[in-house]
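Enquirer: Before I ask anything, here is the structure I am working with.
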Amino acid sequence: MDLRVLKYFVTVAHEECITTAADKLKLTQPTLSRQLKELENEFGTQLFIRGSRSRCITLTPKGIILKRRAEELLALAEKTCQELSADPEISGTVYMGLAETQAVRSIGRACRLVREKYPKVDFNLYSSDSCEVREGLEKGVLDFGLFCVETELKDYETLKIPYKNHWGVYVRHDSPLSRLKKVRPEDLVNTPLMLSAQGGSRKIISQWFGSLWDSVNIAAWFNLIYNSSEMAKEGLGAVIGFEGLVNTDDGCLKFIPMEPDLPVSNILAWCKNSALSQSASVFLETLRKVLGDEID
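Whatever position you read off the sequence shown (first residue = 1), add 959 for the numbering used here.
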């Protein structure tokens, strides 16, 4: 399996057009079509559904799987090349998977300081849930993962970010709930709710509701909170999430803390048995200093 051909495949998958992809790759269309056909022969399965004159394409289910794996392989290959680079100046990309939390501000400060000192270092920031971040760490695609829900991290090196997330409910200002200073489980039983689909978050929220969990009216599940907050403005339901993640300055939504409180810590993790690149090591050293300053 040739990485060069995988790059061709990913480019075509992104462009959804062989002609456009060929121009971008500086190849002739017949050459690119032949490479894709050989890739399908190698795997023994159809990867594309070709449209009129084979120019417009869509991925088959097997093609979708290959696209995801190919992107991971190409990212890992690029990361490896950077780590083995002979460039005496510290350079390269630091790959991070980040949960939605205001703790990223400390990480952002560290990133800025690294960039000021080492302009050839850049950052690839991937926002997702804890399961996908963990998968990226295990595959070596990510250098670091930021977690803010209950998750087992005994096989990782960790660094605690000194910021506590607090759960609460985002409601419209015309909701009866907006008059409350804090919400208890019984206040939400008859309210349509949008909840995080992450396993750790679901566990925490179900425990908070206790015996009332089976009576909860769930309008939607989400993985990242922005879209659900926009739907909350349209009246789909209230959103349960961390304080500070949704803009409430426009007057559409109000945040109400939960009672009892559910503080959640933030942990940066990286694999124990993998050597960090120079750029990743510099970032980690800088973040430790930033956190030391913030704690002091």
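Where is the CB? At the ideal position from N, CA and C, for every residue including glycine.
Alpha carbons only, please: which of H973, R1131, V1241 is nearest the one belonging to I1016?
Expert: H973
Enquirer: How many angstroms separate the CA atom of Y967 from the CA atom of Y1085?
Expert: Here the alpha carbon of Y967 sits roughly 23 Å from the alpha carbon of Y1085.
Enquirer: For the 8 Å Cβ check, are there 3 or more pairs between the segment 1176 to 1191 and the segment 1147 to 1154?
Expert: The segment 1176 to 1191 makes contact with the segment 1147 to 1154; the number of CB pairs closer than 8 Å reaches 3 or more.
Enquirer: To which residues of the same chain is D1255 closer than 8 Å at the C-beta, ignoring the five residues directly before and after it?
Expert: Legend: pLDDT at D1255 = 45, less than 50; position of this residue unreliable, value from coordinates given subsequently. Excluding sequence neighbours, D1255 sits near nothing in its chain.
Enquirer: In the DSSP assignment, the alpha helix (DSSP H) including I977 goes from what residue to what residue?
Expert: 977 to 984
Enquirer: With DSSP as the reference, label D1088 as helix, strand or coil.
Expert: coil
Enquirer: Return the first residue and the last residue of the beta strand (DSSP E) that R1131 is part of.
Expert: 1115 to 1131
Enquirer: For the putative contact between L1235 and L1243, defined by C-beta atoms under 8 Å, what is the C-beta separation to the nearest angstrom?
Expert: 7 Å
Enquirer: State the Cα-Cα distance for the pair E1218 and E1116, rounded to the nearest angstrom.
Expert: 33 Å
Enquirer: Under 8 Å between the Cβ atoms of I1177 and V1128?
Expert: At a Cβ-Cβ threshold of 8 Å, I1177 and V1128 do not count as neighbours.
Enquirer: Mapping the DSSP letters down to three states, classify Y1054 as helix, strand or coil.
Expert: strand
Enquirer: For F1201, which of L1195, V1241, S1224 has the nearest alpha-carbon?
Expert: Comparing Cα positions, the closest option is S1224.
Enquirer: If you reduce the DSSP assignment to three classes, tell me which class M1190 lands in.
Expert: helix
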